[in-house]
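To start, the structure itself, in structure tokens.
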Amino acid sequence: MKVVLRNPRRELDMSGPRRVNALLAELDLNREAVLVIVDGTLVTGDATLPADATVEVRPVISGGAR
Amino acid sequence: MKCKACRQPAVIDIPRHNAAFCADCFVRHCQEQVVRSIAAFDMMSRSDRVLVAVSGGKDSLALWDMLMDLGYQADGLYLGLGIGDYSGSSIGYVRSFAADRGATLVEVDIPAEFGFDIPTGAAAARRAPCSACGLSKRHLFNKAARDGGYDAVATGHNLDDEAAVLFGNVLRWDTAYLGRQLPVLPGTDGFARKVKPLVRLSERETAAYCVIKGIDYQVEECPQSAGNRHLGYKAALNDIEVRSPGSKAAFYFGFLERIAPLVAGVAEEERRDLHPCPECGSPTVADLCAFCALVAKATRGKLSGAADRTSG
Ligand code: SF4
Ligand SMILES: [Zn+2]
Ligand SMILES: [Zn+2]
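Here the protein sequences come in this chain order: A and B.
All letters in the first sequence, in the order written, are residues -5 to 60 by the numbering used here.
All letters in the second sequence, in the order written, are residues 2 to 313 by the numbering used here.
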């Protein structure tokens, strides 16, 4: 599967299928800090991502003392 | 996973609530949290005119969207910070959201109006960029609200923001800041009321809200935030949160309930020393308010005359 990361934008090729939570663990990402989006739709941690999916892992943490 | 409310397939899980939601029920959940905050802290009423500080990011656009959906009279205020490509693209998201929703947007451009941008102004004043930026935002939001006759300024601070700021204030035991770290600061002489209706929602929830509602927002981060202390606090708190969901909310709301009343006096004492800034009339405890001092330093040696526009 193709995994698109942001800030900075980059793409990874990863084997699939695999679960969202397993993908985040593999990438060492905190589930509180990201959303996982497939075809414009959010997916939950227990969802299985098919091998041919394009998956966006979008960070949600904003910086700055606002 | 199934939606807690309607048993349809869920699109987002929220471990802190031990719940998952489908798209429609999630939007309702977000609105309920905002309604609850507004009521619990008596933030505003439907007859108030509210100015929403919008940056083009997820939080402020989600807030503006929800307030309008909930029937509030909410206009947007965008501040141009002059931070290169970041500012250039953020205004695009705000304008297109306002146009889509037929909402009223007020724009103030710091470089055009005051003759400096945040990165160079901060450097000239020997301040961290976020510090110069934060004080400019507080000053100009307040000024715009008072000039425009608004009853309140609403900002998109979410649970993660408030928990991270609290964490920093506690690490330093900064009692003056702790005394002011409230979801609503009442309007006083010279200050418009300030409200933070998103304090019951995490960043992940406000981002999910935008994705679900199709609100296009700026995902790219402000380049000035790299290495920022708050990002470190947020990461530390999220490490705790994944191990024990609900920690951030317990930390922040426990503070509001049990500690904030104990330190309220410190902030009040400070307020007694307030007097109008001789340049702009904003309340301050210093000779010149922090914003006028920043403008003076940032434009020193420039013959633009832009700094004069701060007066009046
Ligand atoms: S990260 Fe800092 S400089 Fe950038 S917008 Fe936020 S407060 Fe301002
Ligand atoms: Zn549902
Ligand atoms: Zn001033």
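Cβ atoms here follow ideal geometry from the backbone N, Cα and C, with glycine treated the same way.
Check	Outcome
Is L202(B) a contact residue of ligand 1, with contact defined as CB to any heavy atom under 7 Å?	no
Suppose only complete runs of 3+ residues qualify. What are the beta strand (DSSP E) ranges in the region 102 to 155 of chain B, listed by chain order?	106 to 110 and 153 to 155
Whose C-beta lies closer than 6 Å to the C-beta of R181(B) among residues of the same chain, with five residues either side of it excluded?	A268
According to DSSP, simplified to helix, strand and coil, what is Y234(B)?	helix
In the structure shown, what three-state DSSP assignment does I260(B) receive?	helix
Taking C-beta pairs closer than 7 Å, name the residues in chain A that E242(B) reaches, listed in chain order.	E26
Tell me the start and end of each unbroken beta strand (DSSP E) in the region 4 to 52 of chain B that is at least 3 residues and wholly inside, in chain order.	13 to 15 and 20 to 22
Does P262(B) pass the burial test, meaning 16 or more other C-beta atoms within 10 Å, or should it be called exposed?	exposed
Please tell me whether T42(A) and P2(A) are closer than 8 Å, where the distance is taken between their beta carbons.	no
Using the three-state DSSP reduction, which class does A54(B) fall into: helix, strand or coil?	strand
Spatial neighbours of V32(A) within its chain, please: C-beta separation below 6 Å, excluding the five flanking residues on both sides.	A47 and V49
Identify whether L6(A) lies in helix, strand or coil by the three-state DSSP scheme.	strand
Could you confirm whether any beta carbon from chain A is found closer than 8 Å to the beta carbon of A209(B)?	yes
What residue range is occupied by the uninterrupted alpha helix (DSSP H) comprising L80(B)?	Segment Q74 to G81 is the beta strand (DSSP E) holding L80(B); no alpha helix (DSSP H) there.
Looking at the strands, I want to know which residues DSSP matches up with L43(A).	R12(A)
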